[in-house]
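Student:
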Amino acid sequence: MRLRNIPGARKEIAADRYVIPEDLQPALKGNWVGRFGTNPRPLYIEIGMGKGKFLTSLAQQNPDINYIGIEKYSSVLVRAVRLREALEAQGTVLDNLLYLRMDAEKLTDVFAPAEVGRIYLNFSDPWPKDRHAKRRLPGRTFLRRYRQILVPDGQLEFKTDNRALFNFALSEAEEEGWRIDLCTYDLHADPRLCAGNVMTEYEERFSAQGNPICKMVSRPPADEH
Ligand code: SAH
101 MRLRNIPGAR KEIAADRYVI PEDLQPALKG NWVGRFGTNP RPLYIEIGMG
151 KGKFLTSLAQ QNPDINYIGI EKYSSVLVRA VRLREALEAQ GTVLDNLLYL
201 RMDAEKLTDV FAPAEVGRIY LNFSDPWPKD RHAKRRLPGR TFLRRYRQIL
251 VPDGQLEFKT DNRALFNFAL SEAEEEGWRI DLCTYDLHAD PRLCAGNVMT
301 EYEERFSAQG NPICKMVSRP PADEH
């Protein structure tokens with residue numbers, strides 16, 4: 101995501117009650133349900149949440165699921181926080197959505213084995229240079245982390261308009277023994293697959309430009325658990 105620095109974003113995030121400060125995150129590992137203060141509900145996370153439209157919509161639509169949005173940059177996360185404040189000002193209070201400003205490299209410090217029911221990746225940065233391949237969120241380095249924190253049969257959902265990244269994600273998933281439950285190169289052209297689809301900011305922008313949207317759903321090999 102192109103970054104426009106937002107002065108004061110760090111401060112604004114630090115003051116927000118829905119953003120868990122970085123130093124407190126590891127202590128919540130294995131006890132996110134307690135932090136939400138609810139009866140057990142499945143926990144779904146989005147990595148690289150951006151400005152939060154997708155996850156905020158899901159949280160509104162599915163009150164029986166807890167959501168955590170993970171974003172690396174304060175200047176981006178602050179937009180999600182403001183979106184939520186705008187909703188609250190209109191009377192929509194969500195008790196099932198929290199945010200972490202963190203690098204996804206640290207996922208296994210923050211989530212216990214089998215703590216996460218589903219992981220969403222939307223329009224992840226492509227990192228086209230070979231020497232940056234390890235930074236790609238749908239790549240094998242991250243798949244191994246996802247596998248550790250997902251419940252048995254937990255799914256990874258990935259959307260992008262970047263075909264090269266999508267094909268890379270498919271081959272990485274296959275190499276790592278993940279099962280591919282769904283794969284399409286043109287999500288919006290398939291009314292059945294598109295039913296209930298929640299658009300992300302990038303999805304709106306790129307599909308408006310005529311780019312087909314690719315989507316895959318995969319799950320880790322069963323033998324880990
Ligand atoms: N999901 C949003 C934004 C896509 S842009 C949408 O579809 O509209 C990708 C986002 O991932 C950026 O906001 C970027 O800051 C974030 N990101 C990239 N690498 C990350 C990492 N390692 N950990 C957490 N967030 C990351």
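Quick note: the sequence shown uses the working numbering, first residue 101, plus one each step.
Built from N, CA and C at the ideal position, the CB exists for glycine as well.
Computed from a predicted model, the values in this text were never measured in an experiment.
Indicate the three-state DSSP secondary structure (helix, strand or coil) for GLN309 in the structure shown.
Tutor: In the sequence shown, residue 309 corresponds to position 209, counting from 1. Three-state result, GLN309: coil.
Student: Once DSSP output is grouped into helix, strand and coil, what is the label at ASN262?
Tutor: As a first step, residue 262 must be located in the sequence shown, where it is residue number 162. Coil, per DSSP.
Student: Roughly how many angstroms lie between the CA atoms of ARG224 and LEU237, to the nearest whole one?
Tutor: Within the sequence shown, numbered from 1, the residue matching residue 224 stands at position 124. Within the sequence shown, numbered from 1, the residue matching residue 237 stands at position 137. Checking the sequence shown, residue 224 turns out to be Ser, not Arg. Straight-line Cα distance between these residues: approximately 6 Å.
Student: Let me check one thing: in DSSP terms, what residues is THR284 bridge-paired to?
Tutor: Within the sequence shown, the letter at position 184 stands for residue 284. Looking at the DSSP assignment, THR284 forms a beta bridge with LYS315.
Student: To the nearest angstrom, how far is the alpha carbon of LEU250 from that of PHE136?
Tutor: Residue mapping note: residue 250 aligns to position 150 of the sequence shown, counting from 1. Residue mapping note: residue 136 aligns to position 36 of the sequence shown, counting from 1. For LEU250 and PHE136, the distance between alpha carbons rounds to 19 Å.
Student: If I measure Cβ to Cβ from TRP278 and keep anything under 7 Å in the same chain, skipping five residues before and after, which residues do I get?
Tutor: Along the sequence shown, read from residue 1 onward, the residue named residue 278 stands at position 178. The answer, listed in chain order, is LEU243, SER318, ARG319, PRO320, PRO321.
Student: Say whether the segment 164-175 touches the segment 195-205, bearing in mind that this needs 3 or more beta-carbon pairs closer than 8 Å, one atom from each stretch.
Tutor: Because the criterion of three Cβ pairs below 8 Å is met, the segment 164-175 and the segment 195-205 touch.
Student: Cα-Cα, which of GLY148, VAL176, ARG141, SER174 is closest to ALA159?
Tutor: As a working note, residue 159 is residue 59 in the sequence shown. Comparing Cα positions, the closest option is ARG141.
Student: Taking only the alpha-carbon atoms, compute the straight-line gap between GLU324 and ARG245 and give it to the nearest angstrom.
Tutor: In the sequence shown, residue 324 corresponds to position 224, counting from 1. In the sequence shown, residue 245 corresponds to position 145, counting from 1. With a pLDDT of only 48 at GLU324, under the threshold of 50, the placement of this residue in the model should not be trusted; the figure read from the coordinates follows. Going by the C-alpha atoms only, they are around 12 Å apart.
Student: Which residues bound the alpha helix (DSSP H) around LEU143?
Tutor: In the sequence shown, residue 143 corresponds to position 43, counting from 1. Not the alpha helix (DSSP H): LEU143 falls in the beta strand (DSSP E), residues 143-147.
Student: Against chain B, with Cβ distances strictly below 9 Å, would ARG184 count as a contact?
Tutor: Any reference to chain B falls outside this structure, which holds one protein chain only.
Student: In angstroms with no decimal places, state the Cα-to-Cα distance between ARG97 and ALA180.
Tutor: A query on residue 97 cannot be resolved here, the shown segment of the chain reaching from 101 to 325 and no further.
Student: Can you tell me which of VAL298, PRO312, ARG305, SER307 puts its alpha carbon nearest to the alpha carbon of LEU155?
Tutor: Your numbering for residue 155 matches position 55 in the sequence shown. Checking every option, the nearest Cα to that of LEU155 belongs to VAL298.
Student: Can you name, in chain order, every residue of its own chain whose Cβ lies under 7 Å from the Cβ of ILE165, other than the five neighbours on each side?
Tutor: In the sequence shown, the residue the question calls residue 165 occupies position 65. Answer for ILE165: ARG141, PRO142, TYR144, ASN196, listed in chain order.
Student: Say the cut is 8 Å; is the CB of ALA204 nearer than that to a heavy atom of the ligand SAH?
Tutor: As a working mapping, residue 204 is identified with position 104 in the sequence shown. Result yes, Cβ under 8 Å from the ligand SAH.
Student: Near ASP286, which residues of its chain fall below 8 Å by C-beta distance, leaving aside the five closest residues on each side in sequence?
Tutor: As a first step, residue 286 must be located in the sequence shown, where it is residue number 186. PRO312, ILE313, CYS314, listed in sequence order.
Student: I'd like to know whether the C-beta atoms of GLN248 and LEU207 end up nearer to each other than 9 Å.
Tutor: The residue you call residue 248 lines up with position 148 of the sequence shown. The residue you call residue 207 lines up with position 107 of the sequence shown. Yes, Cβ-Cβ distance for GLN248 and LEU207 is below 9 Å.
Student: Where does LEU237 fall in DSSP's three states?
Tutor: What you label residue 237 is simply residue 137 of the sequence shown in a count that begins at 1. In this structure, LEU237 counts as coil in the three-state DSSP scheme.
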